[in-house]
Every structure is written in C-alpha cells, then in structure tokens.
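**Student:** Sending over a structure as structure tokens; questions will come in a sec.
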Amino acid sequence: MGCSSQRTAPDAEICVSIAPLRSLVERIAGDDFRIEVLVPVGVSPETFDPTPRQLVTLHEARMVVAVGLLDFERSYLAPLADSSRVVTLCRGIESIGGIQGADGDVVGADPHVWLSPRELRRMAANLYDALCRMAPDSTGYAAAYRALDEELARLDAETAESLREHGVRVFYIYHPALGYYARAYGLEQVAVETEGREPSARRLARLIARARADGVRRLLYERQFPQSAVEAFCNDIGAEAAVIDPLEEDVVESIRRITDLIVAP
C-alpha cells in the first residue's frame, strides 16, 4: 500500500454515508477534500432519506464512501452510473447475520462494523487503498494511514485489556448495536429490542429475570430509542440507563466511551 507526492485540489469532494467515516477520511487525507456527510446529526440511518441536493452531491462526488451494510446505502448508491466511485469499507469483514442476495451483496446483516476496533482497522485499510487509487500522487497519505492504524491497534489492545481486567463477560444493550465489538472480545451482547421489535411479554419477563441474576448495573441505549421503554426496563432490574452514540464522528473516542461504560462498576 503506497502513495507518494503532490497535493490534490481542496475543492474536490468526497461524500460519506455516516459521520464516523468522515473522521477516517480526514485522518488519512487531511483537508485535501471537502467532505459531506449524508446522515445528519440526530437522524437514524434506518429512517434516513437523502434530500434532492444530497442526491445531486452523490452523483457529482469524486468518491462516495459507505459502510456497505446500511439499507439506505444499498438503495441510493446502487443507481450511481460510475460504481467505481463507490467505496464500501466492509470489504473483507465477516458480517454478522444477513443473507447473500442475488447480486452478491449481504442483505439484513448487522451494519455496525465501525464500532469494533478490529473491524475499524480493516475499514481504514480499505479506505486508504481507495484514496491512493483516486489520488496516487498525494503527499502524506502513507504516513497518516500508518499513524491511524497504529492508533487503532493500540485501541484494540487497550479495549481487550480493560475488559479482561474487569472480568467482563456479558453486557446489556437496548438495541443490538455492538455485535462486532462483542465478537471481537468474546463477549455476550444481550439486547432488549431485536430486529426492530419490542420484546414480547414472555421474553421481557425472561430478560428481567436474567438481568437480575446477572446483577446488571447498566443498560446501554441509543438516544433515538424510546426513553420510556428504556427507563421501564432499567427500573425493573435496578440498573441505570447509559446513552451511547454509534454515529459520533470521533469514532475512536466513541469506542473508548463505550468500553468505559461496559467496564464501570
């Protein structure tokens, strides 16, 4: 993986599907590109529809960077005439769940690959390769990528050590957004809501009984999910609700904060 010299024009544009991907582009390419994020702050990718202006941006951008597993990406990126401009960062990552469609894409998989340091390293490598192909004469990309990869490797090691030191084996979360994180570190993710559905009364009773037996102190949740349902479950098990933001732009700090919440007594 190598790039060499010459800076690209600062008015070139890259469109990214979610904010965490912008931080990856900026860490490797600096301010070489104007970057537009499709999903705005506070909006769920599951309900997102791009505006007409964003659709124009998609078609005019030099590169479109996507996770590759979000449903809206599949809907709006497939029609792009020049598919070589679309970079899917999940390439080489074994997806959790989902089935392979007729076109070879995985449909219905857990899309939250960027919340695991190990998967994030692969995503950064895929992005670096794509940036080098688009701007082969750019200065500093190789050094910037190496620095980012080293930081993500340290994050991986720090996360594994923290979880090991605190003896974490299981954590509870309202929506199952940390499947890849759990897989990376051999944890069990227990989710209240699954496949977009609230638990049945019977399943909820089992979850409450197990959470009490496990001595759960904290339930992670994303702000867009109903606060009343989160608080009701927490009240039933005597735990506190702790908000996480999977779409926070600084993904490294987001993962550190998630780990701190999981290991906190």
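Taking numbering that gives the first Met the number 0 as reference, the numbering of the sequence shown is continuous, increasing by one, and the terminal residue is 264. Heads up, the beta-carbon is just placed ideally off N, CA and C, and yes, glycines get one too.
Do Leu260 and Leu219 come within 8 Å of each other at the CB atom, strictly closer than that value?
**Tutor:** yes
**Student:** Over what stretch of residues does the beta strand (DSSP E) that includes Tyr171 continue unbroken?
**Tutor:** Val169 to Ile172
**Student:** State the start and end residues of the unbroken beta strand (DSSP E) segment that holds Thr87.
**Tutor:** Val85 to Thr87
**Student:** Can you grab the Cα-Cα spacing for the pair Gln226 / Arg153, in whole Å?
**Tutor:** 34 Å
**Student:** Taking all protein chains shown into account, do 16 or more other C-beta atoms lie within 10 angstroms of the C-beta of Asp10, making it buried, or fewer, making it exposed?
**Tutor:** Note that Asp10 scores 45 on pLDDT, short of 50, meaning its location in the model is unreliable; the coordinates nonetheless yield the value given after this. Counting Cβ neighbours within 10 Å, Asp10 comes out exposed, since fewer than 16 surround it.
**Student:** I need the DSSP call for Leu57, collapsed to helix, strand or coil.
**Tutor:** helix
**Student:** Can you name, in chain order, every residue of its own chain whose Cβ lies under 8 Å from the Cβ of Thr193, other than the five neighbours on each side?
**Tutor:** Pro175
**Student:** Can you tell me where the beta strand (DSSP E) holding Val63 begins and where it ends?
**Tutor:** Met62 to Ala65
**Student:** Under a three-way DSSP split, which group does Pro9 fall into?
**Tutor:** Residue placement at Pro9 cannot be trusted, given a pLDDT of 43 that sits under 50; what the coordinates show is reported in the next sentence. Reduced to three states, the DSSP call for Pro9 is coil.
**Student:** Along the chain, where does the beta strand (DSSP E) containing Tyr220 start, and where does it finish?
**Tutor:** The continuous beta strand (DSSP E) containing Tyr220 extends over residues Arg217 to Glu221.
**Student:** Tell me where the beta strand (DSSP E) around Val242 begins and ends.
**Tutor:** Glu239 to Ile243
**Student:** Less than 8 Å between the C-beta atoms of Val42 and Ser16, yes or no?
**Tutor:** no
**Student:** I need the boundaries of the beta strand (DSSP E) containing Glu93, first residue and last residue.
**Tutor:** Looking at the DSSP string, Glu93 is not in any beta strand (DSSP E), and its letter there is neither H nor E.
**Student:** Tell me the start and end of each unbroken alpha helix (DSSP H) in the segment 184 to 213 that is at least 4 residues and wholly inside, in chain order.
**Tutor:** 200 to 213
**Student:** Assuming Ile34 is part of the beta strand (DSSP E), what are its boundary residues?
**Tutor:** Arg33 to Val36
**Student:** Considering Cα atoms alone, identify which of Asp249, Cys89 and Asp213 is closest to Ile236.
**Tutor:** Asp213
**Student:** In terms of alpha-carbon separation, which member of Gly185, Asp249 and Val262 lies closest to Arg216?
**Tutor:** Relative to Arg216, the option among Gly185, Asp249 and Val262 whose CA is nearest is Val262.
**Student:** Within the 8 Å Cβ cut-off, does Gly139 reach chain B?
**Tutor:** No chain B appears in the structure shown, which is made up of a single protein chain.
**Student:** Let's test the definition: count the other Cβ atoms within 10 Å of the Cβ of Pro187 and tell me whether it reaches 16, buried, or not, exposed.
**Tutor:** According to the sequence provided, residue 187 is Glu. The question's Pro does not apply to it. So Glu187 ends up on the exposed side.
**Student:** When we look at the beta-carbon of His165 and count the other beta-carbons within 10 Å, is it buried (16 or more) or exposed?
**Tutor:** exposed
**Student:** Does the beta-carbon of Gly185 have 16 or more other beta-carbons within 10 angstroms, so that it is buried, or is it exposed?
**Tutor:** exposed
**Student:** According to DSSP, simplified to helix, strand and coil, what is Val15?
**Tutor:** Residue state, collapsed to three classes: strand.
**Student:** Please list, in chain order, all residues of the same chain as Arg120 whose beta carbon is under 8 Å from its beta carbon, the five residues on each side excluded.
**Tutor:** In its chain, beyond the 5 residues on either side, Asp148, Leu151, Ala152 and Asp155 have a beta carbon closer than 8 Å to the beta carbon of Arg120.
**Student:** Please classify Gly67 as buried or exposed, where buried requires at least 16 neighbouring CB atoms within 10 angstroms.
**Tutor:** buried
**Student:** Give the DSSP-derived three-state secondary structure of Ser137 in the structure shown.
**Tutor:** coil
**Student:** With 16 other CB atoms within 10 Å as the buried threshold, where does Thr46 fall?
**Tutor:** exposed
**Student:** With distances taken Cα to Cα, identify the nearest neighbour of Ile27 among Ser82, Val40, Glu118 and Asp128.
**Tutor:** Check the Cα spacing between Ile27 and each of Ser82, Val40, Glu118 and Asp128: the tightest is with Asp128.
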